[in-house]
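With the numbering used here applied, the sequence shown corresponds to residues 19 to 530, in that order. Glycine included, C-beta positions come from ideal geometry on N, C-alpha and C.
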Amino acid sequence: MLMEADLPEDIEALRALALEQSRKLADVTVAKGEADAEIERLQSIIDAFMRHLFGRKSEQLDPDQLQLGLEDIETALGAARAAREAGTVQPKGDRPRQTNRGSLPAHLERIEQIVDIEDKTCPCCGGGLHQISEDVAERLDVVPTTFRVLVTRRPRYGCRSCESAVVQAPASARIVEGGIPTEALIAQVLVAKYADHLPLYRQAQIYARQGIQLDRSTLADWVGQAAWYLRPLRDHILERLRRSERLFADETTAPVLDPGRGRTKTGQLWAYARDDRPWGGIDPPMMAYVYAADRKSERAEAHLGDFAGILQVDGYGGYTALAKRQQQITLTFCWSHVRRKFFDLADRSPVATEVLQRIAGLYAVESEVRGTSADHRRAARNEHARVIVDDLHHYLEARLRQVSTKSKLAEAIRYALSRWDGLTVFLDDGRVELDTNTVERSIRPLALNRKNALFAGSDEGGDNWAVIATLIENCKIAGINPHTWLTETLTKLADGHPANSVGDLMPWVNVN
Numbered sequence: 019m020l021m022e023a024d025l026p027e028d029i030e031a032l033r034a035l036a037l038e039q040s041r042k043l044a045d046v047t048v049a050k051g052e053a054d055a056e057i058e059r060l061q062s063i064i065d066a067f068m069r070h071l072f073g074r075k076s077e078q079l080d081p082d083q084l085q086l087g088l089e090d091i092e093t094a095l096g097a098a099r100a101a102r103e104a105g106t107v108q109p110k111g112d113r114p115r116q117t118n119r120g121s122l123p124a125h126l127e128r129i130e131q132i133v134d135i136e137d138k139t140c141p142c143c144g145g146g147l148h149q150i151s152e153d154v155a156e157r158l159d160v161v162p163t164t165f166r167v168l169v170t171r172r173p174r175y176g177c178r179s180c181e182s183a184v185v186q187a188p189a190s191a192r193i194v195e196g197g198i199p200t201e202a203l204i205a206q207v208l209v210a211k212y213a214d215h216l217p218l219y220r221q222a223q224i225y226a227r228q229g230i231q232l233d234r235s236t237l238a239d240w241v242g243q244a245a246w247y248l249r250p251l252r253d254h255i256l257e258r259l260r261r262s263e264r265l266f267a268d269e270t271t272a273p274v275l276d277p278g279r280g281r282t283k284t285g286q287l288w289a290y291a292r293d294d295r296p297w298g299g300i301d302p303p304m305m306a307y308v309y310a311a312d313r314k315s316e317r318a319e320a321h322l323g324d325f326a327g328i329l330q331v332d333g334y335g336g337y338t339a340l341a342k343r344q345q346q347i348t349l350t351f352c353w354s355h356v357r358r359k360f361f362d363l364a365d366r367s368p369v370a371t372e373v374l375q376r377i378a379g380l381y382a383v384e385s386e387v388r389g390t391s392a393d394h395r396r397a398a399r400n401e402h403a404r405v406i407v408d409d410l411h412h413y414l415e416a417r418l419r420q421v422s423t424k425s426k427l428a429e430a431i432r433y434a435l436s437r438w439d440g441l442t443v444f445l446d447d448g449r450v451e452l453d454t455n456t457v458e459r460s461i462r463p464l465a466l467n468r469k470n471a472l473f474a475g476s477d478e479g480g481d482n483w484a485v486i487a488t489l490i491e492n493c494k495i496a497g498i499n500p501h502t503w504l505t506e507t508l509t510k511l512a513d514g515h516p517a518n519s520v521g522d523l524m525p526w527v528n529v530n
């Protein structure tokens, strides 16, 4: 910025300076206009993405791929804003206040920095200055992962009188006996792999940047030993789920190396979940993964054992076969899966559009009763949702007689009608949800891991994955830090926590 003392006294020089400043201002104005246009364009792209994510067409794009796309667009938007601000002339100390898009928790350490003037003499009269106020700004800082070495010394004592007794405190138990990792480091490896989707070889590369040379095989050994200790906790959760009155179930593919054939085979990761919060149930929400080599219905039968109650699932026929063998199981199906069948046809079928509108009416009723008691939900559904369901049933039967039996629309209608009994259980039981989204949310992290690395090197690796992923997912459900919980739990297990008291270690215990 030009000061008055910098202005030339010559008229021609002053005129030249004014013309130069005018050109610079014009250039800045053009650059700012271009930056504003770019920001507007990028923001419109983001708005379109968000409509796909949260709007009626949310199922058009894969949520994980959508997040990756949003990251890139938002990065470009940040660069455009920086370019605009760099070309905008602003007086010092008069920058526009930026919105803090993240909270700064009170528990974080505060490192104060004082930015002060050197001369505290008044520039006007030469008197002494005194502080009248201050501006305080907080920024989030980070110290990269710092390794440290815990040195444990165990003094050994002898007796001068008899010289035969040697006394020493016993060594602390470890998950990896004779190894170098603390339980906190093992927990870090587990969370990075199974929650943050960082394969072990990438973690080894990260550690190497700080001079810590650890083979991937060494990290894998730590993970395997931790999984052995943690397996009883997963099994305890699965047993708790078996005793529930109502469960969700789903499954997803798990590519596994098959060395005998030199390629991969397709295993299955089964997920079972319980969440009674939507109707005010008091049992803690929980879920469990179980690995199996295939998708046969006998797998779910083995996992569920003597479970007796309502099992809410998608349209996979294996569950129907299971319910026929296990008479104590009542199947209820998922309206979200029905909706997807018609959603794919909505752009070319008025019938599909009409069906979607009617299903939307069911979800509107659900939004009004969510969080209320089971009895209230059942009463409201009978008053408002039953008529929608009955009319939709008649509508589907009528349309099925009018369309080609080989068409996709007929296939979607048959999918719904063949599962109608299971789709209508929610009308008479306020505990039942409209869809299986509860368990599908637990499946998504596994799908993301499949995109980052080959799922498992063996069936055993798939089972280890199921064990650790179960516990991390339950930490998420309970709203606690999985690293903190794993560190404390591994320490207790290494110290010999009783096998018959693993229930005391569950993530939801002592959660406010």
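Per the C-alpha coordinates, the member of Leu43, Met305, Ala320, Pro303 positioned closest to Ala311 is Ala320.
Positions of the beta strand (DSSP E) runs, each at least 3 residues long and wholly inside the stretch 483-522, cannot be given because no such run exists. The criterion of a C-beta distance shorter than 8 angstroms is not satisfied by Ser367 and Leu410. Counting every other CB atom within 10 Å of its CB across the protein chains shown gives Val161 a total below 16, marking it as exposed.
Spanning the alpha carbons of Thr371 and Val443 requires a straight line of approximately 24 angstroms. With a contact defined as Cβ atoms closer than 8 angstroms, Gln223 and Leu237 miss out at about 11 angstroms. Rounded to whole angstroms, the separation of the alpha carbons of Trp483 and Pro273 is 12 angstroms. Contact annotation: Val356 and Tyr433 have beta-carbon atoms nearer than 8 angstroms.
In the same chain as Val194, and ignoring 5 residues on each side of it, the C-beta atoms closer than 8 angstroms to its own belong to Ile204, Asp239, Trp240, Gln243, in chain order. Ile486 has its alpha-carbon roughly 37 angstroms from the corresponding atom of Ile377.
For Phe266, the three-state secondary structure derived from DSSP is strand. In this structure, the alpha-carbon of Trp503 lies about 24 angstroms from that of Asp294.
Across the set Ser151, Arg157, Gly146, the C-alpha of Arg157 shows the shortest separation from the C-alpha of Pro123. The beta carbons of Arg234 and Leu218 sit closer together than 8 angstroms. Relative to Arg358, the option among Ile431, Gly497, Arg462, Gln330 whose CA is nearest is Ile431. The three-state secondary structure of Tyr309, taken from DSSP, is strand. Membership of Val185 in the beta strand (DSSP E) is indicated by the continuous run 184-186. For Arg174, the enclosing beta strand (DSSP E) begins and ends at 174-176.
Residue pairing by DSSP places Ile328 opposite Arg264, Thr348 in a beta bridge.
In this chain, Leu147 is not harboured by any alpha helix (DSSP H), its DSSP state being neither H nor E. The beta carbon of Asp393 lies closer than 8 angstroms to those of Gly448 in the same chain, with the five residues before and after it left out. With a cutoff of 8 angstroms on beta-carbon distance, Glu491 and Met305 are scored as near each other. Assigned with DSSP and collapsed to three states, Thr442 falls in coil, not helix or strand. Out of Ala341, Asp362, Gly333, the CA that lies nearest to the CA of Phe351 is found in Gly333.
The beta-carbon distance between Leu259 and Arg292, rounded to whole angstroms, is 6 angstroms. This is short enough to meet the 8 angstroms contact definition. Contact between Arg395 and Gly327 fails: their C-beta atoms lie close to 17 angstroms from each other, not under 8 angstroms.
Spanning the alpha carbons of Ala517 and Ser385 requires a straight line of approximately 43 angstroms. With distances taken between CA atoms, Asn528 lies nearest to Ile498 out of Asp253, Thr284, Ile498. DSSP places Gly285 in the strand class (E or B) of the three-state scheme. Here Met524 is not bridged, per DSSP, to any residue. Nearest in C-alpha terms to Lys510, of all of Thr423, Tyr247, Phe360, Asn400, is Tyr247. DSSP, reduced to helix, strand and coil, places Thr163 outside both helices and strands of the structure shown, so it counts as coil.
Within a 10 Å sphere around the beta-carbon of Thr507 sit 16 or more other beta-carbons, which makes this residue buried.
Judged by beta-carbon spacing, Gln286 lies beyond the 8 angstroms limit of Arg252, meaning their Cβ atoms are not closer than that value. Here Gln330 is buried: its Cβ has 16 or more other Cβ atoms, across all protein chains shown, within 10 Å. If the five residues before and after Ile300 are omitted, its C-beta is found closer than 8 angstroms to the C-beta atoms of Asp294, all from its own chain and listed in chain order.
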